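Per the UniProt record's numbering, the sequence shown starts with residue 1, numbered consecutively. Ideal placement from N, C-alpha and C gives every residue a C-beta, glycine not left out. Just so you know, these numbers come straight off a predicted model, no measurement behind them.
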Amino acid sequence: MYGTMLRHRQPGAGRMPARKPARRGASRMVAKPPVSARLSKLGMSLLKKLGGLLLLAALGAGSYFLGLRLMPYADQPIADVKLEGHLSYVSSQAVLDRIAPFRQASFFSVDLAGIRSELESMSWIAKAEVRRVWPDRLVVHLEEQLPIARWGDEALLSNQGEAFAPSEVSHYEHLPQLAGPPQAQEKVMQQYHVLNQMLRPLGFSIARLELRERGSWYVTTTQGIELLLGRDHLLAKMRRFSAIYERALKEQNANIARIDLRYANGLAVAWREPVAPTAGADPAAVH
1 MYGTMLRHRQ PGAGRMPARK PARRGASRMV AKPPVSARLS KLGMSLLKKL GGLLLLAALG
61 AGSYFLGLRL MPYADQPIAD VKLEGHLSYV SSQAVLDRIA PFRQASFFSV DLAGIRSELE
121 SMSWIAKAEV RRVWPDRLVV HLEEQLPIAR WGDEALLSNQ GEAFAPSEVS HYEHLPQLAG
181 PPQAQEKVMQ QYHVLNQMLR PLGFSIARLE LRERGSWYVT TTQGIELLLG RDHLLAKMRR
241 FSAIYERALK EQNANIARID LRYANGLAVA WREPVAPTAG ADPAAVH
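What follows is the structure, given as structure tokens:
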């Protein structure tokens with residue numbers, strides 16, 4: 001007889017256990033290279049950097065020593081000086097004489113700042129610029145002072161308002177004379193331009209303009225007429241003078257010695273010779 005054996009099997013028995021699903025966001029674990037490999041790679045990187053630095057140092061040293069060898073050939077004595085700029089008041093030879101001591105230096109060692117300072121110490125030189133031109137030349141560009149007036153009795157005044165004192169001031173007596181306290185030359189020059197422009201339509205020009213210590217202004221025209229302006233409201237006073245002059249004084253200008261404009265609403269006239277009163281005008285005061 002054949003027998004049959006029946007066994008009770010538990011549910012799920014004999015099956016392979018199911019894998020649990022991997023959690024989302026988890027990363028795989030990667031094996032790191034050995035420490036010796038990492039150290040070897042770091043060493044190669046350092047060697048490359050060190051090699052680059054050594055190469056740069058070698059190139060720099062080579063350039064330095066090459067420069068030392070070539071310097072005697074490149075650093076030549078100054079053989080030529082070229083002057084640029086129009087010179088009217090100072091001679092080229094006078095400029096070259098001032099530069100001569102500096103030419104003992106070589107091309108690279110010459111003192112450009114010293115040359116500029118030396119040239120600008122000359123009375124007639126307003127500005128100097130100096131540059132090298134290889135292999136052995138200096139180029140010097142000069143700007144002269146442009147005198148527009150005398151400053152006091154011993155100096156001239158440039159168009160930039162700078163006072164300078166050449167030895168031949170007496171040769172410029174044809175220029176108007178400006179005077180004032182120390183360091184006031186620019187202010188006086190500006191006032192000169194304004195007043196001279198207002199006087200020109202009347203046929204006058206300024207021979208002398210003075211700013212006195214207390215701030216009062218005095219004008220002398222080329223015709224010899226003195227104008228006393230006081231300290232304040234100069235433009236208003238000049239407009240008043242212009243109107244009154246055209247109306248009442250123009251015909252007698254040759255006999256006017258002085259006009260005092262320091263009044264609020266008029267002016268006073270001092271005559272060279274007494275004159276008879278005219279219609280509508282008081283010879284002593286005009287309003």
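Annotation: the continuous beta strand (DSSP E) that includes GLY230 extends over 226-230. Annotation for GLY215: ARG231 place their beta carbon closer than 7 Å to its own, counting only its chain and skipping 5 residues before and after. The three-state reading of DSSP puts PHE204 in coil, since its state is none of H, G, I, E or B. Looking at ALA149, VAL169, ASN196, the one whose alpha-carbon comes closest to that of ALA179 is ALA149. Residues of the same chain with a CB within less than 7 Å of the CB of GLU213, apart from the 5 flanking positions on each side, are PRO181 in chain order. Leaving aside the five residues that flank ASP136 on each side, the residues in its chain whose CB is nearer than 8 Å to its CB run, in chain order, GLN76, PRO77, ILE78, ALA79, ASP80, PHE107.
Here THR222 is exposed. Its C-beta has fewer than 16 other C-beta atoms within 10 Å.
Rounded to whole angstroms, GLU144 and TYR89 show a C-alpha spacing of 7 Å. Only exposed fits ALA57, as fewer than 16 other CB atoms lie within 10 angstroms of its CB. Between LEU199 and LEU234, the alpha-carbon positions lie close to 12 Å from each other. If the five residues before and after SER92 are omitted, its C-beta is found closer than 8 Å to the C-beta atoms of LEU83, all from its own chain and listed in chain order. In the three-state DSSP reduction, ARG212 falls in the coil class, being neither helix nor strand.
Scanning the stretch 153-200 for uninterrupted alpha helix (DSSP H) segments of 4 residues or longer gives 185-199, listed from N- to C-terminal end. In the structure shown, ILE148 falls within a strand segment according to DSSP collapsed to helix, strand and coil.
The C-alpha of ASP111 is placed about 43 Å away from the C-alpha of LEU209. The shortest CA-to-CA distance from LEU261 to any of GLN252, VAL219, ARG247, GLY224 is the one to VAL219.
Around the beta carbon of LEU54, a 10 Å sphere encloses fewer than 16 other beta carbons of the protein chains shown; the residue is thus reported as exposed. In the DSSP assignment, LYS127 falls outside any alpha helix (DSSP H) and lies within the beta strand (DSSP E) extending over 125-133. Exclusion of the five residues before and after TYR245 leaves LEU202 as the residues of its chain whose Cβ lies within less than 7 Å of its Cβ. Under DSSP, TYR263 takes part in no beta bridge, so it has no partner. In the DSSP secondary-structure assignment, TYR218 is bridged to GLU210, LEU228.
Going by DSSP, LYS237 is part of the alpha helix (DSSP H) stretching over 234-244. Note that the stretch 119-138 touches the stretch 157-175; at least 3 beta-carbon pairs, one per stretch, sit closer than 8 Å. Shortest Cα-Cα distance from ARG258 to any of LEU229, PRO147, ARG103 involves LEU229. Residue state for SER91 is assigned as coil, using DSSP reduced to three classes.
Here the C-alpha atom of ALA264 lies approximately 40 Å from the C-alpha atom of VAL169.
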